[in-house]
Amino acid sequence: MPATRKIFEDVYEVARLIPFGRATSYGAIARYLGINARTVGWAMNSLPTGHDVPAHRVVNTKGILTGAAAFNPESPMEKLLKEEGIRVEKNRITDFQKVFWDPSEEL
DNA sequence: ACCATGACGGTGT
DNA sequence: GACACCGCCATGG
35 MPATRKIFED VYEVARLIPF GRATSYGAIA RYLGINARTV GWAMNSLPTG HDVPAHRVVN
95 TKGILTGAAA FNPESPMEKL LKEEGIRVEK NRITDFQKVF WDPSEEL
């Protein structure tokens, strides 16, 4: 790929590798790609409609579902995570440490 | 090249 | 645990 390859593509690629029932943080992905966390968040915010990226598994370092607002009211991020066995309470993953997935270590 | 914006992170109170 | 600050880097106008 040309040098003009967008960081976004890398972010999406890593996000797609997140295993079922696990979640990671923007910072973890950022560190893995060598960029800052804000850029990762921005990449997710730029996700087009109909993307195939499990963005609901990407939260901030506190385990808070900051991007829940970006999801359709019909597909609550919270519910999606609970379906995967992740305990969520008021937009916050209570057992984040348990389901945390670090690309820098697991990848 | 400059300025504003942002699904964030770490530390201190 | 909640809140406030400041630092970081990429993209767009």
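According to my numbering, the first sequence is numbered sequentially starting from 35. Heads up, the beta-carbon is just placed ideally off N, CA and C, and yes, glycines get one too.
C-beta contact flag for Y46 and N94 at 8 Å: Position 12 of the first sequence, counting from 1, holds the residue named residue 46. Position 60 of the first sequence, counting from 1, holds the residue named residue 94. No, they are not a contact pair.
Are the CB atoms of F42 and S80 within a distance shorter than 8 Å? Here residue 80 is taken as the residue at index 46 of the first sequence, counted from 1. Here residue 42 is taken as the residue at index 8 of the first sequence, counted from 1. Contact: yes.
Tell me the DSSP bridge mates of V142? No statement about residue 142 is possible, as the shown extent of the chain runs from 35 to 141 and does not include it.
Just mark E112 as buried or exposed, buried being the case when its beta carbon has 16 or more other beta carbons within 10 Å. By one-based count along the first sequence, residue 112 stands at place 78. E112 is buried by the Cβ-count criterion.
What do you get for F54, buried or exposed, if any count of 16 or more other CB atoms within 10 angstroms of its CB means buried? For the purposes of this step, residue 54 is taken as the residue at position 20 of the first sequence. Looking at its Cβ environment, which holds fewer than 16 other Cβ atoms inside 10 Å, F54 is exposed.
Assign A62 to one of two classes, buried (16 or more other C-beta atoms within 10 Å of its C-beta) or exposed (fewer than that). Taking the first residue of the first sequence as 1, we reach residue 62 at position 28. With 16 or more Cβ atoms within 10 Å of its Cβ, A62 is classed as buried.
Helix, strand or coil for F134, going by three-state DSSP, please let me know. Taking the first residue of the first sequence as 1, we reach residue 134 at position 100. F134: strand per DSSP, three-state reduction.
Taking buried to mean at least 16 other C-beta atoms within 10 Å of its own C-beta, is T83 buried or exposed? In the first sequence, residue 83 corresponds to position 49, counting from 1. Burial call: exposed.
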